[in-house]
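Participant:
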């Protein structure tokens with residue numbers, strides 16, 4: 001036990017002051033010491049009087065504080081009034097008593113302590129020694145950190161869910177409440193079963209949506225497999241993810257899920273091109289063996305993009321795909337055709353248009369890899385841009401030194417203009433039938449033409465300067481309509497089909513155009529297969545996105561995703577629901593999609609492009625060569641010998657397509673077809689003809705059907 005310092009100092013003061021009180025009045029009666037003691041005593045009497053009069057608590061303690069001063073004054077007065085030190089040394093006894101009373105009975109320092117504060121000398125309470133915690137299965141003595149121990153306590157309180165043990169708890173960087181638990185089965189060799197996010201969330205007091213369970217991969221120095229598991233507890237990260245997600249998080253949560261717009265995919269990166277006004281989202285499939293299944297409107301809603309066919313496009317390449325979101329419709333721009341773009345290179349390729357990403361798209365005027373001419377297939381409804389594509393393709397072929405023939409069912413302004421820059425052009429079904437028949441005969445002529453270097457005939461070799469003839473390209477606009485012509489349709493269909501099969505090796509390419517690539521509209525399966533394999537089909541707007549997609553898929557070996565071509569490009573402005581509630585009309589800001597087409601490339605991939613624009617209101621001579629390419633004199637003379645080279649606008653010549661009736665036959669024996677047609681050159685009406693000729697000319701299901709119908713007149 002120790003004595004407080006204040007008490008020790010006070011006792012020392014009393015001890016030193018007691019002799020002064022006893023000696024000073026006897027030796028120096030008028031000394032200043034007596035005056036000071038008397039003044040202090042008077043002050044003590046005043047303090048006692050005020051303390052006794054006050055109504056505040058603690059008056060007794062205040063009186064005791066002033067008592068030593070009053071008693072000191074009394075001792076001084078008594079010592080001054082006795083002779084010497086008084087009888088029996090009374091002055092010394094009084095001074096000693098005052099010092100003893102002040103030191104042990106009325107110490108000033110004791111009465112200054114309030115609220116019963118214990119003295120410093122009081123012994124400090126000693127806490128009982130804590131009992132050491134014995135290691136348990138849930139709390140092994142493995143030197144784990146504090147976070148891991150706290151996690152183990154919560155896990156043990158939850159009853160060791162799924163008979164697992166917390167190996168380690170790791171706090172996520174810059175997160176206060178997010179952590180990762182490494183769990184293992186309590187029994188060695190047993191897999192973890194029955195653990196769910198709800199169980200982990202209940203143990204740590206978080207939502208089950210904030211818990212993710214993951215398998216643990218085997219790593220050097222650590223086991224893995226079914227007996228181990230990771231639990232990610234991320235309430236903080238998920239709260240931010242719900243309010244301010246990153247592009248990666250938005251893609252995972254809204255796009256890549258089983259019900260998302262691109263299930264099983266992952267975002268590679270997002271790129272913004274401010275100069276072109278486009279944002280690119282490049283993604284790939286998590287499993288590289290899977291093909292992307294992209295629901296573009298669903299992806300747009302997930303990413304907060306406008307569902308606009310004219311501004312958002314998807315490009316699929318194997319297991320990867322690219323979503324391009326433009327600020328303005330990229331294909332509404334016009335790309336003028338120039339001779340530089342249309343001039344074919346050494347492999348017969350030239351630029352025919354541009355894609356949504358600004359990439360040039362090339363097509364061919366001959367097949368360099370197959371050492372043969374090329375066919376073509378151009379599809380689209382009226383005013384979709386077919387004739388515009390004719391113009392640039394014919395210009396490219398003419399710039400390569402090739403011969404071009406163009407036939408249409410009806411005459412129009414553009415085809416008439418094109419006729420000035422090509423070898424031959426006509427505008428009726430009869431003209432088309434004659435051009436196909438002449439091209440077919442030209443294959444026979446070229447098969448026997450000797451080459452100058454060895455005097456022997458050879459197959460056509462594009463780009464070979466020794467070849468004695470030029471490549472011939474026969475265009476048939478509205479081929480499906482012509483193939484259904486009552487008089488010449490069967491000749492057009494049959495000769496066109498033969499030309500697609502035999503024309504390539506003799507330098508003859510066939511380019512039918514129309515609104516359908518299917519057999520019931522004039523395309524046999526054999527014809528379509530040859531056109532598809534030896535060309536890059538170009539499909540313009542077919543009237544609806546579904547029809548365009550169907551037509552494109554009909555020209556592809558595999559049903560790849562086909563881009564959509566709407567009727568018009570129009571930006572989505574405001575809310576359609578709000579306009580309906582206010583009774584306002586929808587904005588009319590459409591832009592024509594004429595010239596926009598789907599081109600099927602060599603690998604079967606369909607690409608959306610806008611073809612180059614040839615302005616028919618200006619002089620097209622800048623696109624075509626100065627001189628028109630013609631057939632050789634030898635070819636023309638051989639065609640004249642066969643009666644196939646003349647003005648094909650003439651009426652049908654007697655016996656040109658069918659035998660003339662015998663003069664001895666009556667009306668029932670007349671030929672079903674009579675010559676002398678004028679005007680459109682369709683050759684007049686139909687008569688009747690013997691069944692033997694009909695049976696000889698049946699070469700297709702359509703002809704067989706007509707033959708059956710003709711039996712009704714028998």
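Residue numbers (the numbering used here): 1 to 714.
Backbone N, C-alpha and C fix where the C-beta goes; we use that ideal spot for every residue, glycine too.
Here the structure is a predicted model, which means the values were calculated and not measured.
(1) Using a Cβ-Cβ cutoff of less than 8 Å, which residues in the same chain neighbour residue 692 once the five nearest sequence positions on both sides are dropped?
(2) For the beta strand (DSSP E) that residue 266 lies in, which residues bound it at each end?
(3) On the CB-based measure, 16 or more other CB atoms within 10 Å of its CB, does residue 326 come out buried or exposed?
(4) Between the region 296-303 and the region 261-275, are three or more C-beta pairs nearer than 8 Å?
(5) Using 10 angstroms around the beta-carbon of residue 287, count the other beta-carbons present and answer buried if the total reaches 16, otherwise exposed.
(6) Comparing C-alpha positions only, which one of 341, 289 and 180 sits nearest to residue 214?
(7) Can you tell me where the beta strand (DSSP E) holding residue 598 begins and where it ends?
(8) Using only the alpha-carbon positions, how far apart do residue 716 and residue 146 sit?
(9) Report buried or exposed for residue 480, applying the criterion of at least 16 other Cβ atoms within 10 angstroms of its Cβ.
(10) Going straight from the alpha carbon of residue 485 to that of residue 414, what length do you get?
(11) Enumerate in chain order the residues of its own chain whose CB-to-CB distance from residue 667 is below 6 Å, with the five nearest sequence positions on each side excluded.
(12) Measuring only the C-alpha atoms, how far is residue 169 from residue 598?
(13) With DSSP as the reference, please indicate the residues paired to residue 170 in a beta bridge.
(14) What residues in its chain sit with their C-beta under 7 Å from that of residue 630, if we drop five residues either side in the sequence?
(15) Start and end of the beta strand (DSSP E) containing residue 355?
(16) Since I believe residue 606 is in contact with residue 547 (beta carbons under 8 Å), could you give me their beta-carbon distance rounded to a whole number of angstroms?
(17) Using the three-state DSSP reduction, which class does residue 528 fall into: helix, strand or coil?
(18) What distance in whole Å lies between the Cβ atoms of residue 476 and residue 527, which are believed to be in contact at a cut-off of 8 Å?
(19) Around the Cβ of residue 455, are there at least 16 other Cβ atoms within 10 angstroms (buried) or fewer (exposed)?
(20) Under 8 Å, with one C-beta from each stretch per pair, do the region 40-47 and the region 72-82 reach the 3-pair mark?
(21) Could you give the DSSP three-state label for residue 75: helix, strand or coil?
(22) How many Å lie between residue 506 and residue 459 at the Cα?
(23) I need the straight-line Cα distance from residue 393 to residue 540, nearest angstrom please.
(24) Can you tell which of 9, 628 and 646 has its C-alpha closest to the C-alpha of residue 636?
(25) Please work out which residues of its chain come closer than 6 Å, Cβ to Cβ, to residue 37, disregarding the five sequence neighbours upstream and downstream, and give them in chain order.
(26) Can you find at least 3 beta carbon pairs, one from the region 179-198 and one from the region 236-244, that sit closer than 8 Å?
(27) Taking the C-alpha atoms as reference points, what is the distance between residue 324 and residue 312?
(28) Using C-beta distances below 8 Å, list every residue in its chain close to residue 499, excluding the 5 sequence neighbours before and after it, in chain order.
(29) Rounded to whole angstroms, what is the Cα-Cα separation between residue 282 and residue 252?
(30) Check whether the Cβ atoms of residue 347 and residue 375 sit closer than 8 Å, and answer yes or no.
(31) Go through its chain and collect everything with a Cβ distance to residue 356's Cβ below 7 Å, but skip five positions before and after it.
(32) Can you tell me which residues form a DSSP beta bridge with residue 165?
(33) Which residue from 487, 482, 621 and 99 puts its Cα closest to that of residue 8?
(34) Pull up the CB-CB distance for residue 418 and residue 391, whole angstroms please, since I reckon it's below 8 Å.
(35) Taking the C-alpha atoms as reference points, what is the distance between residue 218 and residue 322?
(36) So for residue 551, helix, strand or coil by DSSP?
Facilitator: Checking against the coordinates, here is how it stands:
(1) Mapped onto the chain shown, residue 692 falls at position 692. Note that residue 692 scores 39 on pLDDT, short of 50, meaning its location in the model is unreliable and no value can be drawn from it.
(2) Residue mapping note: residue 266 aligns to position 266 of the chain shown, counting from 1. Note, residue 266: beta strand (DSSP E), 265-273.
(3) In the chain shown, counting from the first residue as 1, residue 326 sits at position 326. So residue 326 counts as buried.
(4) yes
(5) Position 287 of the chain shown, counted from the start, is the residue given in the question as residue 287. So residue 287 ends up on the exposed side.
(6) Walking along the chain shown from the start, residue 214 turns up at place 214. Comparing Cα positions, the closest option is 180.
(7) To locate residue 598, count along the chain shown from 1; it is residue 598. Segment 596-600, the beta strand (DSSP E) holding residue 598.
(8) With the chain represented from 1 up to 714, any question about residue 716 goes unanswered, as that position is not in the structure.
(9) Locating residue 480 in the chain shown gives position 480, where the first residue counts as 1. Residue 480 should be labelled buried.
(10) Within the chain shown, the letter at position 485 stands for residue 485. Within the chain shown, the letter at position 414 stands for residue 414. So the two alpha carbons sit approximately 23 Å from each other.
(11) Walking along the chain shown from the start, residue 667 turns up at place 667. Its pLDDT being 48, under 50, residue 667 is placed unreliably by the model, and nothing is read from it.
(12) Position 169 of the chain shown, counted from the start, is the residue given in the question as residue 169. Position 598 of the chain shown, counted from the start, is the residue given in the question as residue 598. The straight-line gap from Cα to Cα measures roughly 56 Å.
(13) For the purposes of this step, residue 170 is identified with residue 170 of the chain shown, where counting begins at 1. Note: residue 170 sits in a beta bridge opposite 180.
(14) Counted from its first residue, the chain shown places residue 630 at position 630. Cβ within range, chain order: 403 and 423.
(15) Reading the chain shown from its first residue, position 355 is the one you call residue 355. Per DSSP, residue 355 belongs to the beta strand (DSSP E) from 349-355.
(16) Against the chain shown, residue 547 aligns to sequence position 547. Against the chain shown, residue 606 aligns to sequence position 606. Actually they do not touch by this definition, with Cβ atoms about 14 Å apart.
(17) For the purposes of this step, residue 528 is taken as residue 528 along the chain shown, with counting starting at 1. DSSP places residue 528 in helix when its eight states are reduced to three.
(18) Walking along the chain shown from the start, residue 527 turns up at place 527. Walking along the chain shown from the start, residue 476 turns up at place 476. Incorrect: roughly 12 Å between the Cβ atoms, too far for contact.
(19) Looking up residue 455 in the chain shown gives position 455. Classification for residue 455: exposed.
(20) yes
(21) As a working mapping, residue 75 is identified with position 75 in the chain shown. The answer is helix: DSSP assigns residue 75 an H, G or I state.
(22) Stepping through the chain shown from its first residue, residue 506 is reached at position 506. Stepping through the chain shown from its first residue, residue 459 is reached at position 459. Cα to Cα, the separation comes out at about 6 Å.
(23) As a working note, residue 393 is residue 393 in the chain shown. As a working note, residue 540 is residue 540 in the chain shown. Looking at the two C-alpha atoms, the distance is approximately 15 Å.
(24) Residue 636 sits at position 636 when you count from the first residue of the chain shown. Nearest of 9, 628 and 646 to residue 636, Cα basis: 646.
(25) Residue 37 sits at position 37 when you count from the first residue of the chain shown. Excluding positions up to five away in sequence, the list reads 72, 73 and 76.
(26) no
(27) Start at 1 with the first residue of the chain shown, and residue 324 comes out as number 324. Start at 1 with the first residue of the chain shown, and residue 312 comes out as number 312. Cα to Cα, residue 324 sits roughly 6 Å from residue 312.
(28) On the chain shown, residue 499 is found 499 positions in, with the first residue counted as 1. Once the five neighbours on either side are set aside, the close Cβ partners of residue 499 are 436, 439, 440, 443, 474, 508 and 510.
(29) For the purposes of this step, residue 282 is taken as the residue at position 282 of the chain shown. For the purposes of this step, residue 252 is taken as the residue at position 252 of the chain shown. So the two alpha carbons sit approximately 14 Å from each other.
(30) Here residue 347 corresponds to residue number 347 of the chain shown, with the count starting at 1. Here residue 375 corresponds to residue number 375 of the chain shown, with the count starting at 1. Against a cut-off of 8 Å, the Cβ pair of residue 375 and residue 347 comes out as no contact.
(31) On the chain shown, position 356 is the one that residue 356 refers to. Result list for residue 356: 313, 324, 330, 331 and 608, in chain order.
(32) Here residue 165 corresponds to residue number 165 of the chain shown, with the count starting at 1. Partner(s): 184.
(33) The residue given as residue 8 occupies position 8 in the chain shown. Nearest C-alpha to residue 8: 99.
(34) One-based indexing of the chain shown puts residue 418 at position 418. One-based indexing of the chain shown puts residue 391 at position 391. That belief holds up - the Cβ atoms of residue 418 and residue 391 are roughly 6 Å apart, short of 8 Å.
(35) Counted from its first residue, the chain shown places residue 218 at position 218. Counted from its first residue, the chain shown places residue 322 at position 322. One C-alpha to the other measures close to 35 Å.
(36) Against the chain shown, residue 551 aligns to sequence position 551. Correct three-state label for residue 551: helix.
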